[in-house]
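Colleague: Got a structure for you, written out below as structure tokens; questions coming shortly.
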Amino acid sequence: MMVPGLRLWLLAMALALELAGVWAQFRLEETGGGLRAPGGSVLLSCRAIGFTFETYEIQWYRQAPGGTLEWVSIISFDSSVTKFAQSVESRASASRDSSELESSLSLRALQPQDSARYFCAVYTETIDHAELQQKDAGAPPGCAGCEE
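Reading the sequence shown from the start, the letters are residues -24 to -1, 1 to 124 in mature numbering (1 follows the signal peptide of the UniProt record, and there is no 0).
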């Protein structure tokens, strides 16, 4: 049995690596990282390529070198619900512009533990290699009620 977090991580990695075939047609592209000083801020962006994500919840995860995958944030399809991990809750904001196929995560007052590779993700399954549908995977850790 595959751990749900691992399944999402594998999906994010597949999308980030732009694998051949159907995965190359539908992907998420993250931008905006780089080195930042402690106390600074960063704006990360996630753009949908090959599909519209207006009906999807956008999630953000991070993984420090040698660390495990950590859930960071979720923003609902209509932006009415945003949730954050306790580690970033008072320092983070999330937004989305479905018409531009883009979502953003902003972190302020950066701390050494914020140093990680960040991934955006949506729960999907491929249907007929042409359409993506939302896959109910439940709430991420620390995000009870995100299914609202």
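Heads up, the beta-carbon is just placed ideally off N, CA and C, and yes, glycines get one too.
(1) For Ala46, count the other beta carbons within 10 Å of its own beta carbon; 16 or more makes it buried, fewer makes it exposed. Which is it?
(2) For Gln35, is the classification buried or exposed, using 16 other Cβ atoms within 10 angstroms of its Cβ as the cut-off for buried?
(3) Between the alpha carbons of Leu11 and Pro41, how many angstroms are there, rounded?
(4) In angstroms with no decimal places, state the Cα-to-Cα distance between Glu65 and Gly9.
(5) From the DSSP output, which residues share a beta bridge with Tyr37?
(6) Name the DSSP beta bridge partners of Val18, please?
(7) How should Glu33 be labelled, buried or exposed, when 16 other C-beta atoms within 10 angstroms of its C-beta is the threshold for buried?
(8) List the DSSP bridge partners of Ala24.
Modeller: On the basis of the supplied data:
(1) The amino acid at residue 46 is misidentified as Ala; the sequence shows Glu. It is buried - the Cβ of Glu46 has at least 16 other Cβ atoms within 10 Å.
(2) Classification of Gln35: buried, given that the 10 Å Cβ count is 16 or more.
(3) Looking at the two C-alpha atoms, the distance is approximately 14 Å.
(4) In a straight line, the C-alpha of Glu65 is about 19 Å away from that of Gly9.
(5) Its beta-bridge partners are Trp47 and Phe95.
(6) In DSSP, Val18 forms a bridge with Leu83.
(7) The residue is buried, with at least 16 neighbouring Cβ atoms inside 10 Å.
(8) By DSSP's assignment, Ala24 forms a beta bridge with Leu4.
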